[in-house]
Amino acid sequence: MGLYRRWTQRPRESGRLRYMGMNESCSPWTRVRKLVSRLCDNPVAFTVEELRFKFEVITVPVTLVCAGNRRKEHNVVQQSLGFSWGAAGLSTALFTGVRLADVLDHVKPNRGAKHVIFEGSDSLPNGPYGTRYDCCHSIILRWVMRSSQLLSWARDRRRGMMLAWGMNGLPYMIRDLNVNSAIACPDHEETVQVQYEGTYTLRGYAYAGGGRRITRVEVSINDGDTWELAEIEYPEDSFRSVAFSDSVYGALDLTDSDQCYCWSFWSLTVPLRSLRDSPSICVRAMDESLAAQPRNMYCNATGMMNNWHVVYHAFEIAELIKI
6 MGLYRRWTQR
16 PRESGRLRYM
26 GMNESCSPWT
36 RVRKLVSRLC
46 DNPVAFTVEE
56 LRFKFEVITV
66 PVTLVCAGNR
76 RKEHNVVQQS
86 LGFSWGAAGL
96 STALFTGVRL
106 ADVLDHVKPN
116 RGAKHVIFEG
126 SDSLPNGPYG
136 TRYDCCHSII
146 LRWVMRSSQL
156 LSWARDRRRG
166 MMLAWGMNGL
176 PYMIRDLNVN
186 SAIACPDHEE
196 TVQVQYEGTY
206 TLRGYAYAGG
216 GRRITRVEVS
226 INDGDTWELA
236 EIEYPEDSFR
246 SVAFSDSVYG
256 ALDLTDSDQC
266 YCWSFWSLTV
276 PLRSLRDSPS
286 ICVRAMDESL
296 AAQPRNMYCN
306 ATGMMNNWHV
316 VYHAFEIAEL
326 IKI
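If you read the sequence shown in our numbering, its first letter stands for residue 6, the second for the next number, and so on.
Here's what the structure looks like:
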């Protein structure tokens, strides 16, 4: 709840940091190399320092989300192979780096190359952790989060990266995140004083994948019989009204872009008397492609991409109701 309220002042230590395995310790600028090889005319290896001076440096606000966000609800219904993320498997910050597209223009990929393969320097029993993306994705190679170098922030563990080209993607590869939302107010185990007069403001977050904007959020306090439109705030839009340039952090300029890579905040004020008789609180969101959250959960082996309607059950206790 605290991170939701103060996302722009979040301490860097509370950002989402995941280790798949141990990484070698090395100099933050000269020894961390990003390699581009296979299926390109100009195979190269860059240090972070070389990337800074060869390509345009940009800073962008981005919400990082684990595909297993909200997996805990899935595991309650059906146990998956993954651990139980709650609704806080995400983190938002300003990231500084260079566009992967600029690096790819430099290496000149061969005709037929379709995917970029990322491979970390993690030491794991079955080999390094890796992933891949379509070439058309908007990706940056970043080394700064807010005003702190990611390389020094990560507890003196530096992550290297191997970039290579692949011909064919896997049929089960996750390409974009789906529409998702969650309730932040009422908070977990929050007790609300229910009176006949007064109001309470329900709050939460919503996000979508692929740079798509959340265009609609609806809330129900009667088990989905009726839905009310919530107000939506887009923190990312505060960066669209002005452009900024810095010698270290590069260009922060969203004035010509309509894409959204950050979460949005929704809110709906309701009478307290309506909460008194409410069996549950539900929220559902929709993005600009008209993709919406489903009513029922879709169970899968990994528990990923769970985005069914969020439900908070209310328990009536005399004049208090505990959410």
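For glycine and all other residues, C-beta sits at the position ideal for the given N, C-alpha and C.
Predicted model, so just to flag it, every value in this text is computed and none were measured.
| query | What number of angstroms, rounded off, separates the C-alpha of Arg208 from the C-alpha of Trp90? | reply | 20 angstroms
| said: Measuring only the C-alpha atoms, how far is Ala106 from Gln264? | reply: 17 angstroms
| Between Val288 and Val224, is the Cβ-Cβ spacing less than 9 angstroms? | yes
| said: Using only CA atoms, which one of Leu109, Val103 and Phe249 lies nearest to Thr260? | reply: Phe249
| Taking one C-beta from the segment 56 to 70 and one from the segment 96 to 113 each time, how about it: are there three or more such pairs within less than 8 angstroms? | yes
| task | Only counting runs of 3 or more residues, tell me where the beta strand (DSSP E) segments fall wholly within the segment 251 to 286, in order along the chain. | result | 255 to 257 and 269 to 276
| Buried/exposed call for His79, threshold 16 Cβ in 10 Å | buried
| Whole-angstrom Cβ separation of Leu273 and Glu236, contact assumed at under 8 angstroms? | 7 angstroms
| query | Does the segment 44 to 56 come close enough to the segment 110 to 117 to have 3 or more Cβ pairs within less than 8 angstroms? | reply | yes
| task | Look up Leu44 in the DSSP assignment and give the residues it is bridged to. | result | Bridge partners of Leu44: none, in fact.
| task | State the Cα-Cα distance for the pair Val247 and Asp258, rounded to the nearest angstrom. | result | 7 angstroms
| task | Output the boundary residues of the alpha helix (DSSP H) element that contains His111. | result | Leu105 to Val112
| field | Among Glu54, Leu69, Phe58 and Leu277, nearest to Tyr266 - alpha-carbon criterion | value | Leu69
| request: Figure out for me which residue from Gly229, Ser186 and Glu238 has the closest Cα to the Cα of Gly214. | output: Ser186
| As assigned by DSSP and simplified to three states, the class of Asp242 | helix
| query | Which residues bound the alpha helix (DSSP H) around Asn80? | reply | Arg76 to Val82
| Among Asp228, Trp232 and Gly216, nearest to Val222 - alpha-carbon criterion | Trp232
| Within 10 angstroms of its Cβ, does Phe58 collect 16 or more other Cβ (buried), or is it exposed? | exposed
| By DSSP, does Arg163 sit in helix, in strand, or in coil? | Below a pLDDT of 50, predicted positions are generally treated as unreliable, and Arg163, at 34, falls in that range; the measurement from the model is reported next regardless. The answer is coil: DSSP assigns Arg163 none of H, G, I, E or B.
| query | Taking buried to mean at least 16 other C-beta atoms within 10 Å of its own C-beta, is Gly132 buried or exposed? | reply | exposed
| request: Compute the distance between the beta-carbons of Gly73 and Phe51, then report whether it is under 9 angstroms. | output: no
| Does the beta-carbon of His301 have 16 or more other beta-carbons within 10 angstroms, so that it is buried, or is it exposed? | Per the sequence shown, residue 301 should be read as Asn rather than His. Its Cβ having fewer than 16 others within 10 Å, Asn301 is exposed.
| said: Between Trp268, Val121 and Leu295, which has its C-alpha nearest Arg43's C-alpha? | reply: Val121
| field | Distance, Cys190 Cα to Ala256 Cα | value | 35 angstroms
| message | Rounding to the nearest angstrom, what Cα-Cα distance links Ser252 and Ser243 in this structure? | response | 22 angstroms
| field | Straight-line Cα distance separating Thr136 from Trp313 | value | 26 angstroms
| Whose C-alpha, out of Val67, Tyr239 and Arg278, is nearest the C-alpha of Arg151? | Val67
| Nearest-angstrom Cβ-Cβ length linking Ile286 and Ile226, presumed shorter than 8 angstroms | 5 angstroms
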